[in-house]
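Protein chains: 2
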Amino acid sequence: MQDKNISQVVISRLPRYFRYLGDLKDEGMERISSGELSKRMNVTASQIRQDFNHFGGFGQQGYGYNVNYLYEEIGKILGLDKRHNLIIIGAGNLGQALANYMNFEKRGFFVKGIFDRKESLIGTDIRGMKVMHTDDIEEFIKNNNIDIAVLTLPKQGATEICKTLVNCDISGIWNFAHVDLDVPDRINVENVHLSDSLMKLSFKIHENEN
Amino acid sequence: MQDKNISQVVISRLPRYFRYLGDLKDEGMERISSGELSKRMNVTASQIRQDFNHFGGFGQQGYGYNVNYLYEEIGKILGLDKRHNLIIIGAGNLGQALANYMNFEKRGFFVKGIFDRKESLIGTDIRGMKVMHTDDIEEFIKNNNIDIAVLTLPKQGATEICKTLVNCDISGIWNFAHVDLDVPDRINVENVHLSDSLMKLSFKIHENEN
């Protein structure tokens, strides 16, 4: 029952709802009112009700929301009921950190291969996978049903590799490189620019000091 | 000449401007028109002009913006002309990745210490620093003029450590733990919830497939 015109702002809030609902589920809670959820999440109950209305409600007046149902439904909207196969390009510390992050698997994201172009890293073992050469990316994507590439390599490399990914018609790029990628609209990109985030923190500190 | 009522949206765009201006500087460009910058950054020239007006303009009609001046001024607004001393709490892969990320130093962010509570990690060497025990955080912060703590540890640990950080009156927390921290308003928090970001990517892919 998904409203096709959900705003980007609402969508950007869904992962956080999903995270909180997951915690409630783990605590064994079956129902929650918008008021209670509001207190926990520090957003207004009316925003919660409005947001959930976009997806056909899920709530019953005076009865609250069914935690498990809501968790499942938001999960579906986020595409988490589907399996995603990932490759990580860049086997440095950050690439390794992401490869070792088990929680992604719980959400249906499976790391199938890790690549680098540094000879010293090729063949080394990360979580039971041998690091492969970036030259082999195109073939690997085609043969392994890869839909997401994670870019954890320097700017220069990222721009080059990106051309390969466009050729392979990858569905999504999770980009940690400090560059905005130039890709056709059909390819979905989500950027994590860590230094941008650190600068925002610096701004807040600076602003509060003045 | 900073307008005190700059919206959060404008502020969230500043790190990206800063990044592009840094690239232009590196390319040796001295001036750029809002039109040229617009093309590069894929935002409208009018938005660029409006955004820059918040900070007293910096531009001259028909002459363009002085790249270096703009870079310096935005840097100042972001507090990057000040030195920040960081500690990293959580010496796993992600903590190590951030510790080894040299670019932060270029922006004035210096990692002064790394902490963990896992005995096997204490005393190991990361970029010339010995990992210390989390019990020593409070004293270390006080003696080393630390203003930012980076949290790269699991949820449970993060909530506990957060209390210590509040006691120490830390200025900023850069939070990678998958939990929203409960801190007084005077403490600035910037969250990087990696799985939220991956879920957004999954949403986009799913949405484009339908």
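From first to last, the protein sequence lines are chains A and B. Each residue of the first sequence is one higher than the one before, starting from 1 at the first, in my numbering. Each residue of the second sequence is one higher than the one before, starting from 211 at the first, in my numbering. Note that beta-carbon positions come from the ideal geometry of N, C-alpha and C, so glycine has one too. Computed from a prediction, not measured in an experiment: that's the story for all the values here.
Item, Value
"C-alpha distance - residue 375/B paired with residue 131/A, whole-angstrom precision", "38 Å"
"Three-state class that DSSP yields for residue 188/A in the structure shown", "strand"
"Residue from 399/B, 233/B, 388/B with nearest C-alpha to residue 379/B", "399/B"
"Under 7 Å from the C-beta of residue 84/A: neighbouring residues of chain B", "412"
"Per-residue contacts from residue 381/B into chain A (C-beta, under 7 Å)", "205"
"Rounded separation between residue 151/A and residue 86/A - CA only", "11 Å"
"8 Å Cβ cutoff, residue 178/A in contact with chain B", "yes"
"Rounded separation between residue 392/B and residue 20/A - CA only", "14 Å"
"Separation of residue 397/B from residue 33/A, as counted between CA atoms", "30 Å"
"For residue 199/A, the three-state DSSP class (helix, strand or coil)", "helix"
"Partner residues on chain B for residue 184/A, Cβ-Cβ distance less than 7 Å", "Within chain B, no residue comes near residue 184/A; the closest Cβ sits about 12 Å away, beyond 7 Å."
"Proximity below 8 Å, CB of residue 318/B to CB of residue 290/B", "yes"
"Backbone CA spacing between residue 30/A and residue 23/A [nearest angstrom]", "11 Å"
"Contact set for residue 134/A: own chain, Cβ-Cβ below 7 Å, skip 5 residues either direction", "89, 115, 116, 117, 161"
"Residue from 303/B, 406/B, 294/B, 405/B whose Cα sits closest to the Cα of residue 314/B", "294/B"
"Buried or exposed (CB count within 10 angstroms, at least 16 for buried), residue 211/B", "Summary for residue 211/B: the model assigns pLDDT 42, below 50, so the residue's position carries little reliability, and this model does not support an answer."
"Span of the alpha helix (DSSP H), counted from its first residue to its last, around residue 11/A", "8-26"
"Per DSSP, cross-strand counterpart(s) of residue 326/B", "343/B"
"From 356/B, 228/B, 405/B, residue whose alpha carbon lies closest to that of residue 381/B", "356/B"
"Spatial neighbours of residue 236/B in its chain, beta-carbon cut-off 6 Å, leaving aside the 5 residues before and after", "none"
"Assumed close pair residue 93/A, residue 138/A - CB separation to whole angstroms, cut-off 8 Å", "Incorrect: roughly 26 Å between the Cβ atoms, too far for contact."
"Chain-ordered residues of the segment 63-96 of chain A with a beta carbon less than 8 Å from chain B", "77, 78, 79, 80, 82, 84, 92, 93, 94, 96"
"Span separating the alpha-carbon of residue 334/B from that of residue 321/B", "16 Å"
"Closest residue to residue 120/A among 91/A, 158/A, 72/A, 195/A (Cα-Cα distance)", "91/A"
"Local conformation of residue 357/B per DSSP, three classes", "coil"
"Per-residue contacts from residue 157/B into chain A (C-beta, under 9 Å)", "What the structure shows of chain B is the stretch from 211 to 420, and residue 157/B is not part of that stretch, so it cannot be assessed."
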